[in-house]
Amino acid sequence: MDSNRRKFLRRLAIGTGVLATGIPSFAKVIGPTDEQMDRSAEWEKNGQRFNMCGYAAPKIETVRIGIIGLGQRGSEAVERLSYIDGVEIVALCDKYPDRIAKSQKALEKMQRPKAKEYSLSLIHI
27 MDSNRRKFLR RLAIGTGVLA TGIPSFAKVI GPTDEQMDRS AEWEKNGQRF NMCGYAAPKI
87 ETVRIGIIGL GQRGSEAVER LSYIDGVEIV ALCDKYPDRI AKSQKALEKM QRPKAKEYSL
147 SLIHI
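Set out below in structure tokens:
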């Protein structure tokens, strides 16, 4: 039984030593490179906004959205999105055509253009 405990303690000490010496080099690999830091500073200087990845996307005047599934959340999403300027709902898809008709009425009520309809009766698998 003592040999098992000794082997365990020896392996624990070796593993801890390997882990402790490997962490500084691992942290250096994960950090941003000099090129990424230069690019980030350049974007800040130009006044561009960017997300966490450092990618600055051009502004989109009209965001076109298609909604698949008009059950509980989907039909409410149509109503919420129709309030946002610059958003155009271009496609509605559901298994049941009556849900699509209900969402089309919501778009009509908000004076939005009619969306293209997709349902199982139109989709041939």
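Be aware that the sequence shown starts at 27, since it is given in the numbering used here, and climbs by one per residue.
Beta carbons: idealized from backbone N, C-alpha and C, even for Gly.
Values in this document were obtained by computation on a predicted structure and should not be read as measured data.
Within its chain, find whatever has a CB closer than 7 Å to the CB of residue i; leave out the 5 residues flanking it on each side and keep chain order.
i, result
"E143", "L118 and I126"
"R16", "Because the chain in this structure spans residues 27 to 151, residue 16 falls outside the shown range and cannot be described."
Please state the DSSP three-state secondary structure of residue i.
i, result
"I40", "helix"
"G100", "helix"
"R138", "coil"
"L118", "strand"
"S108", "coil"
"I86", "coil"
Assuming the contact rule is C-beta atoms closer than 8 Å, residue i and residue j should be a hit. Round their C-beta distance to whole Å, please.
i, j, result
"S145", "K121", "7 Å"
Considering Cα atoms alone, identify which of the options is closest to residue i.
i, options, result
"I134", "P123, V104, D111 and G112", "One point to set straight first is that residue 134 is Glu, not Ile, in the sequence displayed. Nearest of P123, V104, D111 and G112 to E134, Cα basis: V104."
"I94", "P84, P123 and I86", "P123"
Below 8 Å CB to CB, which residues in the same chain sit around residue i once its five sequence neighbours on both sides are set aside?
i, result
"T88", "G112, V113 and E114"
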